[in-house]
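See structure below.
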Amino acid sequence: MPNAIICHGVKFKDDFDKMVIPFCASYWYPWLQQKLILSGVPTQVPSFTNSWLPARNYNLDVDILNRQDINEETILIGHSCGGGLLVKFLSENPDIKIGHLILVAPWIDRLRQFSQYFNNFEPDPKLSERVKTIDLFFSTDDHYGDMIISGCEHLQKIYPTMRVHKFSDKSHFSGDMLEFPELWSLCQSFLKKE
Numbered sequence: 015m016p017n018a019i020i021c022h023g024v025k026f027k028d029d030f031d032k033m034v035i036p037f038c039a040s041y042w043y044p045w046l047q048q049k050l051i052l053s054g055v056p057t058q059v060p061s062f063t064n065s066w067l068p069a070r071n072y073n074l075d076v077d078i079l080n081r082q083d084i085n086e087e088t089i090l091i092g093h094s095c096g097g098g099l100l101v102k103f104l105s106e107n108p109d110i111k112i113g114h115l116i117l118v119a120p121w122i123d124r125l126r127q128f129s130q131y132f133n134n135f136e137p138d139p140k141l142s143e144r145v146k147t148i149d150l151f152f153s154t155d156d157h158y159g160d161m162i163i164s165g166c167e168h169l170q171k172i173y174p175t176m177r178v179h180k181f182s183d184k185s186h187f188s189g190d191m192l193e194f195p196e197l198w199s200l201c202q203s204f205l206k207k208e
């Protein structure tokens with residue numbers, strides 16, 4: 015039976031301190047979680063410890079991921095740093111196979127700005143052999159600019175069979191974006207094949 019895990023990104027400390035809801039309950043995460051649950055797909059949105067820069071810690075995030083049920087039917091969805099976390103985690107764990115990897119404006123730190131988290135890692139080119147489908151969502155008007163775009167371009171070179179969903183008006187898929195129908199539509203098509 016399929017299950018899903020949505021991995022959120024990071025904020026800067028000042029922005030994080032102003033939040034009145036948990037970060038894992040912001041943006042479109044709870045909306046998509048509810049859609050998946052109503053479709054019979056158990057879905058978790060784990061709250062990663064210290065989800066602000068520069069405090070976020072890769073090893074702590076991996077500890078949380080290791081507590082999740084990840085198997086060949088799992089849908090892993092990562093937004094921003096959560097996308098980078100998933101690419102690094104799966105690259106470092108070649109024994110893990112999943113059903114679907116969805117990366118939304120993933121930050122894989124191609125500009126080497128967060129080396130204590132990403133530690134200059136390179137995505138495993140063989141990752142696509144262990145994932146039934148990889149999808150990438152990004153927007154050319156992402157407000158983080160080349161920090162995100164360069165990573166998306168790099169991933170497209172490494173995974174040429176990855177399906178790319180390119181927008182010009184979604185920025186970083188954050189802010190007041192409380193629904194994500196394009197991503198839900200993709201999940202529905204994936205679930206119908208199961």
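Using this note's numbering, the letters of the sequence shown correspond one by one to residues 15 to 208.
Yeah, the Cβ is synthetic: ideal placement off N, Cα and C, and Gly gets one too.
This one's a predicted model, so the numbers in the text were calculated from it and none came from an experiment.
Proximity of residue 89 and residue 113 at Cβ, strictly below 8 Å: What you label residue 89 is simply residue 75 of the sequence shown in a count that begins at 1. What you label residue 113 is simply residue 99 of the sequence shown in a count that begins at 1. Yes, these two residues count as a Cβ contact at 8 Å.
Endpoints, the alpha helix (DSSP H) within which residue 204 is located: Sequence index remark: in the sequence shown, residue 204 carries index 190 (1-based). Residues 195-207.
Which whole-angstrom value describes the C-beta separation of residue 137 and residue 122, a residue pair presumed to lie in contact below a C-beta threshold of 8 Å? Walking along the sequence shown from the start, residue 137 turns up at place 123. Walking along the sequence shown from the start, residue 122 turns up at place 108. At roughly 7 Å, the Cβ-Cβ gap stays under 8 Å, so residue 137 and residue 122 are in contact.
Taking only the alpha-carbon atoms, compute the straight-line gap between residue 33 and residue 201 and give it to the nearest angstrom. Position 19 of the sequence shown, counting from 1, holds the residue named residue 33. Position 187 of the sequence shown, counting from 1, holds the residue named residue 201. The alpha-carbon atoms of residue 33 and residue 201 are separated by roughly 29 Å.
Going by Cα to Cα distance, which pick from 160, 100 and 43 is closest to residue 124? For the purposes of this step, residue 124 is taken as the residue at position 110 of the sequence shown. Considering only alpha carbons, the answer is 160.
Determine, using beta carbons only, whether residue 86 and residue 111 come nearer to each other than 8 Å. For this step, residue 86 is matched to residue 72 along the sequence shown. For this step, residue 111 is matched to residue 97 along the sequence shown. Yes, Cβ-Cβ distance for residue 86 and residue 111 is below 8 Å.
Do you know offhand how far residue 204's Cα is from residue 41's? Walking along the sequence shown from the start, residue 204 turns up at place 190. Walking along the sequence shown from the start, residue 41 turns up at place 27. Rounded to the nearest angstrom, the two C-alpha atoms are 22 Å apart.
Please classify residue 152: is it buried, with 16 or more other beta-carbons within 10 angstroms of its beta-carbon, or exposed? By 1-based counting over the sequence shown, the position of residue 152 is 138. By the neighbour-count rule (16 or more Cβ atoms within 10 Å), residue 152 is buried.
Residues bridged to residue 180 [DSSP beta-bridge criterion]: Locating residue 180 in the sequence shown gives position 166, counting from the first residue. In DSSP, residue 180 forms a bridge with 152.
What are the complete alpha helix (DSSP H) segments, minimum 4 residues, inside the stretch 56-81? 72-80
Per DSSP, which one or two residues make a beta bridge with residue 92? Sequence index remark: in the sequence shown, residue 92 carries index 78 (1-based). Beta-bridge pairing links residue 92 to 21 and 117.
In the structure shown, what three-state DSSP assignment does residue 145 receive? Locating residue 145 in the sequence shown gives position 131, counting from the first residue. If DSSP states are grouped into helix, strand and coil, residue 145 belongs with the strands.
Which residue's Cα is closest to the Cα of residue 172: 54, 56 and 150? For the purposes of this step, residue 172 is taken as residue 158 along the sequence shown, with counting starting at 1. Measuring from the Cα of residue 172, the nearest candidate turns out to be 150.
Quick check on residue 172: does DSSP put it in helix, strand or coil? Counting from one through the sequence shown, the residue named residue 172 turns up at place 158. In the structure shown, residue 172 sits in a helix (DSSP, three-state: H, G or I).
Per DSSP, which one or two residues make a beta bridge with residue 26? If you number the sequence shown from 1, residue 26 lands on position 12. DSSP lists 67 as partners of residue 26.
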